[in-house]
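Sequence order for the protein chains is A and B. So for the first sequence, the numbering used here puts the first residue at 1162; every next one is plus one. So for the second sequence, the numbering used here puts the first residue at 1162; every next one is plus one. The beta carbon of each residue, even a glycine, is placed where N, CA and C say it ideally should be. Computed from a predicted model, the values in this text were never measured in an experiment.
Number of protein chains: 2
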Amino acid sequence: MDGASDGDRHDDPCSVLSDERQALVREVLARMVDKWGLWVLSELSEDGPLRFSRLLERVDRISQKSLTATLRQLERDGLVTRTMVAQVPIRVDYAATPLGRSLIDHVHPLWLWAIERLPDFVSARAIYDARTAEQQPS
Amino acid sequence: MDGASDGDRHDDPCSVLSDERQALVREVLARMVDKWGLWVLSELSEDGPLRFSRLLERVDRISQKSLTATLRQLERDGLVTRTMVAQVPIRVDYAATPLGRSLIDHVHPLWLWAIERLPDFVSARAIYDARTAEQQPS
DNA sequence: GCAATCAGGTACCTTGGGGTGACAAAGCGT
DNA sequence: ACGCTTTGTCACCCCAAGGTACCTGATTGC
């Protein structure tokens, strides 16, 4: 009997979790890799609470829709808080939670590592693309 | 040399890089968060070189198409190597590169952190979903 | 000739992310 | 009354990820 198809043969984060929990982890981490999540959370983590339009200015070229969606997702996962302030024109402050700041702290090293290794990725791609181009010259 | 005029107001990984390089980092890291990339790379990193069909068995429920695509992307970014062996039936071995193993080493802590915090995410979502449900009784 | 194995490739479909632009409620200045 | 700002929502679009299913090409064995 070899190769039972289940259980924890190794300590893969992936194969140790149920599909459901695995998906949840992926969804949370996906924000740190998608186009806006990390950026928005970083702004909030570094420069205190910010209102919607400040974020719109600071996160360059983000659309209103995407900023709204990003904030909703971050809020849903407990990474940022949303506070409405009844004011002259209505005002909404967003702030990073401790959980959000902790996530940033754990994500930054990974990004820094990736930035350090950028030349490796660039050259790996150049080599790969050149090799596949010579094999498929059309 | 590279005309990447990166304004660095703060040490955001995001706002320090040119769009192009930012996108490259995101693409590499995205594999570690998408459905199969981390899993495939982990298998290769832990259990030596593996051939296509072994991976197909070990990465449960992955489709041929997705495995092929995942491996191509990992290979393109220099994270795995592909070696054809002229044999009885043709044979192809995939193995993690040092760069790939290094990436795994840097990604694992993040996943472990996320798994530790899973209860926080679950409860944050429960609270958020309950609150929005009461406001929008569909 | 015919089936089987291994390593893919290709077509088709559904989902979801993200962009644009128009519109909405709330209060203020004029 | 009218328009301004702020904080969104909604409708419409395109594109890419991923799944299913089927096809290819090389080779061995019958």
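Legend entry - Inter-residue spacing [alpha-carbon to alpha-carbon] between Arg1252(B) and Thr1229(B): Cα-Cα distance, rounded: 14 Å.
Legend entry - Same chain, Cβ closer than 6 Å to Gly1198(B), neighbours up to 5 away in sequence not counted: Here the set comprises Arg1192, Thr1231.
Inset, instruction - For Arg1243(B), collect the residues of the same chain with a Cβ closer than 8 Å to its Cβ; drop the 5 residues on either side in sequence, then sort them by chain order. - result: Around Arg1243(B): Leu1232, Glu1236, Val1253, Asp1254, Tyr1255.
Legend entry - Environment of Val1189(A) [buried if 16+ CB atoms lie within 10 Å]: So Val1189(A) ends up on the buried side.
Inset, instruction - Determine the extent of the alpha helix (DSSP H) in which Asp1208(A) is found, giving its start and end residues. - result: Per DSSP, Asp1208(A) lies in no alpha helix (DSSP H) and is assigned neither H nor E.
Inset, instruction - Answer yes or no: does any C-beta atom of chain A fall closer than 8 Å to that of Arg1262(B)? - result: Not an interface residue.
Inset, instruction - Taking all protein chains shown into account, decide if Ser1299(A) is buried (16 or more other Cβ within 10 angstroms of its Cβ) or exposed. - result: Note that Ser1299(A) scores 41 on pLDDT, short of 50, meaning its location in the model is unreliable and no value can be drawn from it.
Legend entry - Host beta strand (DSSP E) of Arg1252(B) (start-end): For Arg1252(B), the enclosing beta strand (DSSP E) starts and ends at 1252 to 1257.
Legend entry - Ordered list of alpha helix (DSSP H) runs contained in the stretch 1220 to 1299 of chain A, each at least 4 residues: Taking only runs of at least 4 residues, the alpha helix (DSSP H) segments lying wholly in the stretch 1220 to 1299 of chain A are 1225 to 1237, 1259 to 1277, 1279 to 1296.
Legend entry - C-beta contact flag for Val1241(B) and Leu1202(B) at 8 Å: A distance below 8 Å separates the beta carbons of Val1241(B) and Leu1202(B).
Legend entry - Straight-line Cα distance separating Arg1215(A) from Phe1213(B): Whole-angstrom Cα-Cα distance: 50 Å.
Legend entry - CB contact check: Ile1276(B) to chain A, cutoff 8 Å: True, the Cβ-Cβ gap to chain A drops below 8 Å.
Inset, instruction - Consult DSSP for Asp1180(A) and reduce its assignment to one of helix, strand or coil. - result: It is helical.
Inset, instruction - Specify the secondary structure class of Val1189(B) as computed by DSSP and reduced to three states. - result: In this structure, DSSP gives Val1189(B) a helical state, which the three-state scheme calls helix.
Legend entry - Min CB distance Asp1167(B) to chain A below 8 Å: Bear in mind that a pLDDT of 44 at Asp1167(B), under 50, signals an unreliable position, so the number given afterwards is only what the model happens to contain. The beta carbon of Asp1167(B) sits no closer than 8 Å to any beta carbon of chain A.
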